[in-house]
Structures are given as C-alpha cells and as structure tokens.
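Chemist: Numbering of the sequence shown is given in our numbering, commencing with residue 20 and proceeding in unit increments. Backbone N, C-alpha and C define an ideal beta-carbon position, used for all residues, glycine too.
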Amino acid sequence: MEVSALTKKLWCVHKQLILVITPLLFLPLIFALPEKEGKCLYVVVLMATFWCTEALPLAVTAMLPVCLFPTLGILPSKKVCPQYFLETNFLFLSGLVMASSIEEWGLHRRIALKVLSIVGVQPMIIQSERPHIWVASPNIQ
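(1) Please classify residue 84: is it buried, with 16 or more other beta-carbons within 10 angstroms of its beta-carbon, or exposed?
(2) Report yes if the CB atom of residue 48 is closer than 8 Å to the CB atom of residue 64, and no otherwise.
(3) Is the number of C-beta pairs between the segment 25–38 and the segment 69–76 that are closer than 8 Å three or more?
(4) Quick one: what's got a C-beta closer than 8 Å to residue 42's C-beta in the same chain, skipping five residues either side?
(5) In whole angstroms, what is the alpha-carbon distance linking residue 96 and residue 86?
(6) Does the separation of the CB atoms of residue 93 and residue 34 fall below 8 Å?
(7) For the segment 85–134, which segments carrying the beta strand (DSSP E) assignment without a break, of at least 3 residues, lie completely within its bounds, in sequence order?
(8) Would you report the Cα separation of residue 120 and residue 128, rounded to the nearest angstrom?
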C-alpha cells in the first residue's frame, strides 16, 4: 500500500495544522454558552487538544491560562498567576529538577553500582530479610 505524496506532506505539518485549525474549530464554544463559561470551556478544550496531540510543548500548553484567561476576560491575571506559585507546585517542580539532574549526571547508575558492590549479585538475601522485620514467625515462641 503506497502512501500518497499529499499524505506524507500533511503528516510533516500536522502539528502546525492542529495549531491553526483547532482554535478556529472550537471558536463557536465562546458564543454557544454564557460569556465566561463558554470562554473557559474554549480554553480547556484547546488545552486538552494541544496536550493530547503535543502540537505545542507541554510546558507551553500549561502556561496558556496565564495568557488566555486575562485576554478573554475570564479571570484577571492577579487571580491566575498565584495558582502557578503554590508550595505544592514548587515541591513537584523541585522533584522534577532533582530527577532530571540525577539522570543527566548518571547518579542513579552510581547508586545502583554502589548498592551492588555492597550487597553483591545475590540480592535475594535482602528480599528475604524484609518480611521478617514486620511479620512474626509462628515457629518462634
């Protein structure tokens, strides 16, 4: 089965097509529902589409409410922006940064090799010792 040249060309630019067509396709949502609800649904559906298709990078998609909510008059930026600076968000972000740096410098391999050098290549001993910490043996009186 041969793929046509047009199909190949469309596949090469499918993300750009999604970026252009999706906002126009969902534009009636703004006018179909009451003012703020329709605009908010428009932003949510737009973000979900961009998120699922990865037409935009996920970080850019996540920042769309910061730009679109004040622009469309859904919420002022003084109410939207503080939601991005909550303590839990920073905790999650710091975990991602830590994991990224550990992976970048190969620290996870170094830790694994150190554990293997201490334990050896027979880790079954550690696995069999763990249950004895919490489970009492019925034979011991």
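Modeler: Short version:
(1) buried
(2) Going by C-beta atoms, residue 48 is nearer than 8 Å to residue 64.
(3) By the C-beta criterion, the segment 25–38 is judged to be in contact with the segment 69–76, since at least 3 inter-stretch pairs fall below 8 Å.
(4) Non-local beta-carbon contacts of residue 42 in its own chain, meaning distances under 8 Å to residues more than five positions away in sequence, involve 65 in chain order.
(5) 8 Å
(6) no
(7) none
(8) 13 Å
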